[in-house]
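Enquirer:
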Amino acid sequence: MILLKLFNTLTRQKEEFLPLGEVVGIYTCGPSVYQYAHIGNFRTFIFEDVLVRYLRFKGYKVKRVMNITDIEDKALATARKEGKSLWEMTEYYSRIFFEDMETLNLLPAEVFPKATEHVPEIVDIIKKMMTRGFAYCGKDGSVYYDISKFPDWGKLSHLKLKLGKKKIKRDEWGEESSIISDFALWKSYEKEDGDVFWITELGKGRPGWHIECSAMSSKHLGTRFDIHIGGVDNIFPHHENVIAQNFGAFGENPSKYWLHCRHLMVDGRKMSKSASNYYTPRDLTGMGHKPMAIKYLLLSMNYRRRLNFTFEGLREAEEKIEKICNAIERLENASGRDDAGKLAVKAMERFEKVLDDNLNTGKALEVLEEFTDDCVKQNPDKESSEKIRETFKKMDSVLGLGLFSS
RNA sequence: GCCAAGGUGGCGGAACGGCUACGCAAUCGCCUGCAGAGCGAUUCCAUUCCGGUUCGAGUCCGGACCUUGGCUCCA
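Sequential numbering from 2 applies to the first sequence in my numbering.
#1: Closest by CA to L308, which one among F48, M266 and E122?
#2: What does DSSP give as the partner residue(s) for Q14 in the beta ladder?
#3: Under a three-way DSSP split, which group does V197 fall into?
#4: Considering only their Cβ atoms, is the gap separating P255 from F226 smaller than 9 Å?
#5: DSSP puts G231 in a beta bridge; with which residues?
#6: Alpha carbons only, please: which of A38, F248 and E118 is nearest the one belonging to A136?
#7: What runs of the beta strand (DSSP E), each 3 residues or longer, lie entirely inside the stretch 206-252?
#8: Given R351, which residues of its chain have a CB within under 6 Å of its CB, disregarding the five upstream and five downstream residues?
#9: When burial is assigned at 16 or more other CB atoms within 10 Å of the CB, is Y258 buried or exposed?
#10: Buried or exposed for D183, please, with buried defined as at least 16 other CB atoms from any protein chain shown within 10 angstroms of its CB.
#11: Do I322 and R390 have their beta-carbon atoms positioned less than 9 Å apart in this structure?
#12: First and last residue of the beta strand (DSSP E) that includes C30?
#13: Is it the case that the Cβ atoms of P114 and F99 are separated by a distance below 9 Å?
#14: If A294 and A318 are in contact, beta carbons under 8 Å, what's the gap, nearest whole angstrom?
#15: Which residue marks the beginning of the alpha helix (DSSP H) containing Y35, and which one marks its end?
#16: At the level of alpha carbons, what is the spacing between L285 and K291?
#17: Can you pull the DSSP bridge partners for R270?
#18: Enumerate in chain order the residues of its own chain whose CB-to-CB distance from R54 is below 8 Å, with the five nearest sequence positions on each side excluded.
#19: Rounded to the nearest angstrom, how far is the Cβ of N359 from that of L21, given a contact under 8 Å?
#20: Give me the DSSP bridge partner(s) of L308.
#21: Going by CA-CA distance only, name the one from E23, G41 and V25 that's closest to G31.
#22: Do the stretch 200-208 and the stretch 12-26 meet, that is, are 3 or more Cβ pairs less than 8 Å apart?
#23: Taking 8 Å as the cut-off, is the beta-carbon of H264 closer than that to any non-hydrogen atom of the ligand FMN?
#24: Is the separation between the beta-carbon of A38 and that of P282 shorter than 9 Å?
#25: Can you have a look at G409 and say buried or exposed, based on whether 16 or more other CB atoms are within 10 angstroms of its CB?
#26: What span of residues does the alpha helix (DSSP H) with M293 cover, start to end?
#27: Just the Cα atoms here: how many angstroms apart are L222 and E370?
#28: Decide if V51 is buried, meaning its Cβ has at least 16 other Cβ atoms within 10 Å, or exposed.
#29: Just to confirm, is the Cβ distance from S385 to D357 under 9 Å?
#30: Below 8 Å on the Cβ atoms is my guess for T45 versus G232; work out the distance and round it to an integer in Å.
#31: When you compare each of L315, K347 and K343 to D382 by their alpha carbons, which one comes out closest?
#32: State the Cα-Cα distance for the pair I139 and K128, rounded to the nearest angstrom.
#33: By Cβ distance, which residues of its chain are closer than 8 Å to Y410, with the 5 residues on each side in sequence left out?
#34: Under DSSP, the alpha helix (DSSP H) around V355 begins and ends at which residues?
#35: Below 8 Å on the Cβ atoms is my contact criterion, and I expect A245 with W154 to pass it. Report the Cβ-Cβ distance as a whole number of Å.
#36: Considering R65, what are the terminal residues of the alpha helix (DSSP H) in which it resides?
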């Protein structure tokens, strides 16, 4: 079997994918459920989906965990502002998220752990860090990670920051951004938290932002698993801190491969919630665009490259999908004489080759398009048209474009 | 400022140091009762700039300029 190569942020190199054990463990940073997820977020989720599908296609068993971040400063602030309870709000946006996943034909993860349902595990892992001397209790009652104890800090993001002693409890911009700071693992209760608190051995309070990923990944995948994925904006500080935490608690980096999906741009700028220049899947479907066209567009570029979202691109994606579906439909009544079976074999080989190279979905779509063109030009006989259909099915099982569902 | 990524036709985007993809747009045909879809053909003075290496550079080296991203909200 040809090996898949993946770009590991940790080493900044493409590496051959060699799993640690029988089942490939994948942890993916899921949505923060205080807003609608936008198609930039979904670029990462779609990439993850194709990776999982492709690994299964290659015969691996995969266990994927996708966390649901249902507690953090922004979520609390949003709930307060909208006059809703945190639970009410996160429940709503989680439901929407799952609906959107289905709309985009994304496979569900094996586990969708919620931060609020893992407080005992969170407390436990913080206690481990304290026992091992990586965490301490601050004067304000919060528990902080002592960054000076972790020599490898910064290895993932390659940032050269100065060691400082500024503590960050709230997830806000520090005034001196070039100074590394101890960050909160457990945030002591404050009035604005309202009814959101847990009474634990660490006192009355709530989990910090980064800790859930350490707690939930170690619970559901063990302290060492294969792949951790997220958007590039998670590299720093989130994943850097996750690595620090795991080292503090278990003495090792939790993941062998760290994959990061680059941002989706709109009009040449990053699509983000804070810049409010984003579209959600339902914005676009509401305008009459097909979900699979959105997906097609988001897959049309290798995940490590920036992709600029335009409506022209969306329209093109729509046309390409239609073209492919039309070609498949025609095969149904094929009654020609050409033995086109070779086409299918060749296309499949190329398809795998480009995906093996760091999951280049953009090129995979090109292969799919060219294969479509080739098939249309021929007049396949019954037998080879069956082969061709099978090949389309296989490709679709990896890309999840629902080519056969209409 | 520091750390990255990148600059290719009207647009989007490929390209082991050699044969100048491909798609969109545009034009013309074929097919069609009309439309759509499909097929064929055609058009377009493209590699940010300046040096260097080479028989040969979009590709390698050096230097500018510009764009974007990260630098404690974020997929």
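Glycine included, every Cβ here is placed at the ideal spot set by N, Cα and C.
Here the structure is a predicted model, which means the values were calculated and not measured.
Expert: In short, the structure shows the following:
#1: M266
#2: N9
#3: It is coil, neither helix nor strand.
#4: Yes. Within cutoff.
#5: H261
#6: F248
#7: Runs of the beta strand (DSSP E) spanning 3 or more residues and lying entirely within the stretch 206-252 occur at 226-232, in chain order.
#8: V368, listed in sequence order.
#9: buried
#10: Buried, since its Cβ has 16 or more Cβ neighbours within 10 Å.
#11: no
#12: No beta strand (DSSP E) contains C30, which DSSP labels as neither H nor E.
#13: no
#14: Your pair A294 and A318 checks out as a contact, with CB atoms roughly 4 Å apart and the cut at 8 Å.
#15: Counting along the chain, Y35 falls outside any alpha helix (DSSP H), and DSSP gives it neither H nor E.
#16: 8 Å
#17: Paired residue(s): V267.
#18: L108, S398, V399, L400 and G401
#19: 20 Å between Cβ atoms; not a contact.
#20: L265
#21: G41
#22: no
#23: Among the ligands in the structure shown, none appear at all, so the ligand FMN cannot be discussed.
#24: yes
#25: Given that the chain is displayed from residue 2 to residue 407, the structure contains no residue 409 and the question cannot be resolved.
#26: P292 to L300
#27: 38 Å
#28: By the 10 Å Cβ count, V51 comes out buried.
#29: Cβ distance not < 9 Å, so S385 and D357 don't count as in contact.
#30: In this structure T45 is in contact with G232, their Cβ atoms being roughly 5 Å apart against a cut-off of 8 Å.
#31: Ranked by how close their Cα comes to the Cα of D382, the residues L315, K347 and K343 have K343 in first place.
#32: Before going further, note that residue 139 is Gly rather than Ile in the sequence given. For G139 and K128, the distance between alpha carbons rounds to 14 Å.
#33: Residue numbering for the chain in the displayed model covers 2 to 407; residue 410 lies beyond these limits and cannot be assessed.
#34: Unbroken alpha helix (DSSP H) run through V355: G342 to D357.
#35: Correct: roughly 6 Å between the Cβ atoms.
#36: It is not in any alpha helix (DSSP H) - R65 instead sits in the beta strand (DSSP E) that spans K62 to M67.
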